[in-house]
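Per our numbering, the very first residue in the sequence shown carries number 1; after that it's consecutive. Note that the Cβ used here is the ideal one computed from N, Cα and C, for glycine as well. The structure presented is a predicted model; accordingly, all values stated were derived computationally and were not measured.
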Amino acid sequence: MSQGNLGIEPEVLKAIYGQMARIRAVDKAIQAGLSAGKFMFTYWPMTGQECIPATISQLTTERDYMVTTYRGIHDQVAKGVDLYGMFAEALGREDGVNKGKGGSPHISDPKSGSMVTTAIVGAGAPIANGLAISAKERGEDRVTIVNFGDGATSIGAVHEAMNLAGAWQLPVIFMCQNNQWGEYTRIPTYTNSPNFFGRAEALGFKGVQLDGNDPAAFYKGMKEVVDHVRAGKGPVFVEAITYRIGPHAGVGDNYNATKEELAAGKERAPLEKTRALLLEAGISTEEELTALEAAAKAEVEDAIARALESKPTPPSETIVDVFADPDSVPQRGHFPVREAEGELSGDTESISMAIAVRDAQHIAMTNNKEVFILGEDVGDPQGGVFGTNKGLQTEFGDRRVRPTPIAETAIIGAAIGSSIAGMKPIAEIMFVDFLGVCLDQIANHAAKQRYMSGSATHAPLTIRMQLGGGMGGFGAQHSQSLEAWLTHTPGIKVAYPSNPVDAKGMLLSAIDDPDPVVMLESMMLLYTLKGDVPKGEYKIPLGVAKVRRPGKDLTLISYGYMLNHCLAAAEEVAKDGIDVEVIDLRSLVPIDYHRVLDSVKKTGRALVVHAAVEFCGLGAEICSTINEELWGKLKAPAMRFGADYAPMAYSNAIEFSQVPTPPSIAARIRAAVKS
């Protein structure tokens, strides 16, 4: 074949082959090292898929964003991740690109544009949308490519992400590397779809199918795709047909394939075919290719040898990178003293919590043009289901206040991706009960990104959630108090204000915080409780509790709307001569054990009250800490009081009896003081 009939510039084809050779050298070295016991880590081979990222590398730069999966080591190599740092990371060494904290399934290297690697199938697609939002809003011509396998097309996160990208015309390429296997399962077993690219058309944007094993054809098709997206014409779904020669995990051949299938896959393997093409077309000589391959092998061997000499990441790094400040991490016996907000001064206005939340967002959006709101129904005239954003879309426009599809996973993923890129999103999830719908994005991605990346990247987003319980009529799926789910997840900060002043000040702190913060807002308080709130900007620091009522006989610890029930109960028992000190935690993570313990040292008794189910609730954790730290100084063991172990009932008679109320709290106080 002559060079003129190649359909691709010879130098481009040589560059693609150079990347393919590097990828193959990495693959062979890992498989050889694992087989020989030279090192050990989990490996998901991508043998046979080398052409896809190698070709893309000739059409993109380090400015373009990439999201990939645990099988994406070929994507990482072609994107430009340093091989030494990559191998050290896979080996759990301190010189790893992410300090050995993420490993090969979680590489994050913003220098090369490799932003997120996820070990959760399909979960990268919603995050890629957020990266694309940042590029579009900043007027940058970056494209974001999110890689996933054909198996990921079955998962809801991908469908939600595609729908949102189409609706917002985001500059993102959904790169489905169709290797014919969903882990161990053949395509016809898990879907009756004739193809995958056709799904894009149903969502209103372009989809194409390309031969991912033919560098010339793939380059031509991908150039059109990249140019389309870079020009701001919206997303594209690419189904790149290839074949996975290796098993789902481990070394060797794909033992689930028949001999005939495997032989056909190897026959179509792109590296060998491209090498033969370079020779046949006279672009390269055998000597040139042999030298190129030897150089790739030497590069890989050097990286592995140096990585094996790198020191293992030490236990002293355990709590580093959970949060920006290690003091925010709850630790046994470590109770940092955080400075309180001081006296709030200036003009005030009597407003509800809903208006306080709205004012905080208005201030943040005025101060920083990269603060934006996204969520279901957040736009005007409604301003959110609870009206906490009313008027903001009218003032700031529909790109700063973005009503979304009903798709919680897409909402949180977009917030994560844009925050990783440096924006300050505020994502609204209208009921905390819907936490379960997007828990993967919150618990596996927002919470862990800083840690898994060794602080190379982090996700400083704010998530607002409303919650009920004990107010009547919402039923079991709209009335839960699920703060314990969040506090049990390292990497997430949790704020839960009990009044309008704190709601405004804590939300402003959350928006400026370097870590992901979930702010829980009680539906019971949004419009029923008013307070004199300072006008303008002020902040309530996270991790600082407040004494709401001084006392000497018992410390009553609570947060959110239940704090107000506790104040009422304290006034009730005061009639009996019982003097109760009431502590408002305000934020649950970081938690202010210093002020709590100081109070209990004085009173000798403690009762923790919350609307959440008592069993395994936050109250049990707080009581355990009090009892461990102050045992021998207590007049009685610390106790907790929460909701009955049952879903929240629709029947008012049951609901109002299954959560603590002022009379039932007062009864517990009396019993505690008598014990």
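Unbroken alpha helix (DSSP H) run spanning Q76, endpoints
73 to 79
Element boundaries [beta strand (DSSP E), containing G149]:
144 to 149
Take E572 and list the residues in its own chain whose beta-carbon comes closer than 7 angstroms to its own, dropping the five residues that flank it on each side.
P662, A666
Three-way DSSP call (helix, strand, coil) for P403 in this model
strand
Relative to the C-alpha of E239, which residue among T189, E309, L289, G151 is closest?
G151
Please determine, among R138, N652, S657, L597, the residue with the shortest C-alpha to C-alpha distance to L554.
L597
Within 8 angstroms, strictly: CB atoms of Q441 and T409
yes
The alpha helix (DSSP H) that contains C623, what's its start and end?
618 to 630
Just verifying my parser: in three-state terms, what is the DSSP assignment at H159?
helix
May I have the straight-line CA-CA distance separating A606 from I557, to the nearest angstrom?
7 angstroms
CA-CA distance, V385 and G454?
38 angstroms
Three or more beta-carbon pairs under 8 angstroms between the stretch 561 to 569 and the stretch 508 to 517, yes or no?
no
Please classify H74 as buried or exposed, where buried requires at least 16 neighbouring CB atoms within 10 angstroms.
buried
Return the bridge partner residues of G207 from the DSSP annotation.
F237
In terms of residues, what are the limits of the beta strand (DSSP E) holding P534?
530 to 534
Look at the alpha carbon of T153 and the alpha carbon of W631, and state the distance between them as a whole number of angstroms.
55 angstroms
Runs of alpha helix (DSSP H) wholly within the stretch 158 to 205 (minimum 4 residues, chain order)
187 to 190, 198 to 202
In terms of alpha-carbon separation, which member of E260, L91, A167, A78 lies closest to P236?
Per the sequence shown, residue 236 should be read as Val rather than Pro. Closest by alpha carbon: A167.
Is the Cβ-Cβ distance between G204 and A157 less than 8 angstroms?
no
Classify M115: buried if its beta carbon has 16 or more other beta carbons within 10 angstroms, exposed otherwise.
buried
First and last residue of the uninterrupted alpha helix (DSSP H) at Q480
Per DSSP, Q480 belongs to no alpha helix (DSSP H) and is neither H nor E.
Taking the alpha-carbon positions, what's the A340 to H594 distance?
12 angstroms
Just to confirm the assignment, what range does the beta strand (DSSP E) spanning M452 have?
No beta strand (DSSP E) contains M452, which is instead part of the alpha helix (DSSP H) from 449 to 452.
Looking at the unbroken beta strand (DSSP E) that takes in E708, where does it start and where does it end?
Here the chain covers residues 1 to 675 and nothing more, so residue 708 does not appear.
Could you round the C-beta distance between L6 and A281 to whole angstroms and report it? I think they count as a contact, below 8 angstroms.
6 angstroms
Backbone secondary structure at K635 - three-state DSSP:
coil
DSSP three-state label for E428, please.
strand
Just the Cα atoms here: how many angstroms apart are R138 and R399?
12 angstroms
Go through its chain and collect everything with a Cβ distance to G422's Cβ below 8 angstroms, but skip five positions before and after it.
S134, E370
Selected residue, minimal CA-CA separation from G677, among M222, V26, V143
The structure shown has nothing for residue 677, since the chain only spans 1 to 675.
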